[in-house]
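Colleague: Shown below is the structure under consideration.
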């Protein structure tokens, strides 16, 4: 299991919302076919951002598609 797969698993399980790198979230979403509409940033994602991503991944059953 690669880094992005492990990060996706953490997002889906909801175990580390405060410790997810924002860049990793962007990579996962791009790999799943989403378009990026924000300027590049760095650092950790905000817990509410991780929760929003998790809600979309769960709603559309995208958890295992990397």
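In my numbering, the protein residues as written are 726 to 791. Just so it is clear, CB atoms sit at the ideal spot from N, CA and C, and this is done for glycine as well. The structure displayed is predicted, hence computed values, not measured ones.
With residue 769 and residue 744 assumed to form a contact (beta carbons below 8 Å), what rounded beta-carbon distance in angstroms separates them?
Modeller: With 8 Å as the limit, residue 769 and residue 744 qualify as a contact, their Cβ atoms being about 7 Å apart.
Colleague: Applying the 10 Å Cβ sphere with the 16-neighbour rule, what's the burial state of residue 732?
Modeller: Counting Cβ neighbours within 10 Å, residue 732 comes out buried, since at least 16 surround it.
Colleague: Closest by CA to residue 740, which one among 789, 787 and 775?
Modeller: That would be 775, whose Cα lies nearest to the Cα of residue 740.
Colleague: How close, in whole Å, do the beta carbons of residue 737 and residue 779 come, if the pair is a contact with beta carbons under 8 Å?
Modeller: With 8 Å as the limit, residue 737 and residue 779 qualify as a contact, their Cβ atoms being about 6 Å apart.
Colleague: Kindly list the residues whose CB is nearer than 8 Å to the CB of residue 728, restricted to its own chain and excluding five residues on each side of it in sequence; keep chain order.
Modeller: Hits under 8 Å: 749.
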